[in-house]
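Going by the working numbering, the sequence shown runs without a break in its numbering and finishes at 1233.
Glycine included, every Cβ here is placed at the ideal spot set by N, Cα and C.
Note sheet for the following structure.
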Amino acid sequence: MRLGVLSSTVFFLSLLATAQTPQQKTARYLDSVRRKPPLLLAFLHDMPKGGDLHNHLDGAIYAEDLIDFAASDNFCVDRTTSRLIAPPCDSCQRYTAKPAIRCAYDDHVLYNQIIDAWSMRNWRPGDESGHDHFFATFDKFGLVSHGHVADAVASVINRAAREHVEYIEFMHTADGSAAAELGIKQGWDSDLAKTRPVAGRGPKRNRRCHQQDSGRRRGPGTNATEMRNARGRAGMQCYRPLSLPGFTRIAA
Ligand SMILES: [Zn+2]
982 MRLGVLSSTV
992 FFLSLLATAQ
1002 TPQQKTARYL
1012 DSVRRKPPLL
1022 LAFLHDMPKG
1032 GDLHNHLDGA
1042 IYAEDLIDFA
1052 ASDNFCVDRT
1062 TSRLIAPPCD
1072 SCQRYTAKPA
1082 IRCAYDDHVL
1092 YNQIIDAWSM
1102 RNWRPGDESG
1112 HDHFFATFDK
1122 FGLVSHGHVA
1132 DAVASVINRA
1142 AREHVEYIEF
1152 MHTADGSAAA
1162 ELGIKQGWDS
1172 DLAKTRPVAG
1182 RGPKRNRRCH
1192 QQDSGRRRGP
1202 GTNATEMRNA
1212 RGRAGMQCYR
1222 PLSLPGFTRI
1232 AA
């Protein structure tokens, strides 16, 4: 009997010695996959990440998505610089200077060239600095990104949810800086009664933006309507069953 008590005490103590907290187990696992890129990627993908408090929308969207947006807008691409150009475009023949960007779907050389030019993929130190390459990307796809704010928001939110990001704050200038312009014009007066008459001009601007949007005129002035569209496209319907990952979490 005493022997039994002793052996179970020893067993219990040895259990205590090997017991690990969840944090220790996770750290051990991370160490074990640190040099195994596919497993490390899977680990980081699934890891809960809390909030992303400084997400620049234009920098967060994937080049593959931008190609899709540009194709839907019938843009062309400069085959040498990978910069977007407004239509009309050349044909998809390999020697043309500005093929339609949708030609890239059947031309993997062109497709890969655009992805490399519009992102940091395959960037090689030496040809140009990482800083220069990164900031040059915006000029190349700028023609299309302004007109697809809603698509971009939907894409980034849904990807964030799949990667277990719980919360995002976008860094994005809506309405082509209209709010900032209004603020500068208004200045600041602690007497709010004096502030209101000028601030009240806001809706005029909104109406114009709305007309722009419903007329499908795309330009740098993205607006509140675009953001509302993002809800629709991404499945942010408050009273319907939610299916996309970006919103199932909100519903839970
Ligand atoms: Zn920033």
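Pairwise C-alpha distance: residue j and residue i
i, j, result
"Arg-1102", "Ile-1066", "22 Å"
"Gln-1167", "Asp-1156", "17 Å"
"His-1089", "Thr-1002", "48 Å"
"Ala-1051", "Arg-1064", "11 Å"
"Thr-1176", "Ala-1160", "14 Å"
"Gly-1202", "His-1127", "Since pLDDT at Gly-1202 reaches only 45, below the 50 mark, its modelled position is unreliable, and no value is offered."
"Ala-1141", "Asp-1027", "11 Å"
Cβ pair residue i, residue j closer than 8 Å
i, j, result
"Ile-1082", "Ile-1048", "yes"
"Val-1146", "Lys-1030", "yes"
"Leu-1034", "Glu-1150", "yes"
"Phe-1024", "Leu-1038", "no"
"Lys-1079", "Asp-1108", "no"
"Thr-1118", "Ser-1136", "no"
"Gly-1040", "Tyr-1148", "no"
"Ala-1133", "Ile-1095", "no"
Extent of the continuous alpha helix (DSSP H) to which residue i belongs
i, result
"Gly-1164", "1159 to 1167"
"Trp-1072", "In the sequence under discussion, the amino acid at residue 1072 is Ser, which differs from the Trp named in the question. From DSSP, Ser-1072 is part of no alpha helix (DSSP H); its letter is neither H nor E."
"Asp-1108", "No alpha helix (DSSP H) contains Asp-1108, which DSSP labels as neither H nor E."
"Asn-1024", "Just to set this straight, residue 1024 is Phe in the shown sequence, not Asn. Segment 1018 to 1027, the alpha helix (DSSP H) holding Phe-1024."
"Ala-1133", "1130 to 1143"
"Thr-1061", "First-last for Thr-1061: undefined, no H or E at that position."
Where the beta strand (DSSP E) through residue i begins and ends
i, result
"Tyr-1148", "1148 to 1152"
"Asn-1036", "1032 to 1037"
Coil, strand or helix - residue i by DSSP
i, result
"Pro-1080", "strand"
"Ile-1066", "strand"
"Asp-1088", "coil"
"Asp-1046", "helix"
"Arg-1009", "helix"
"Asp-1054", "coil"
"Thr-1118", "helix"
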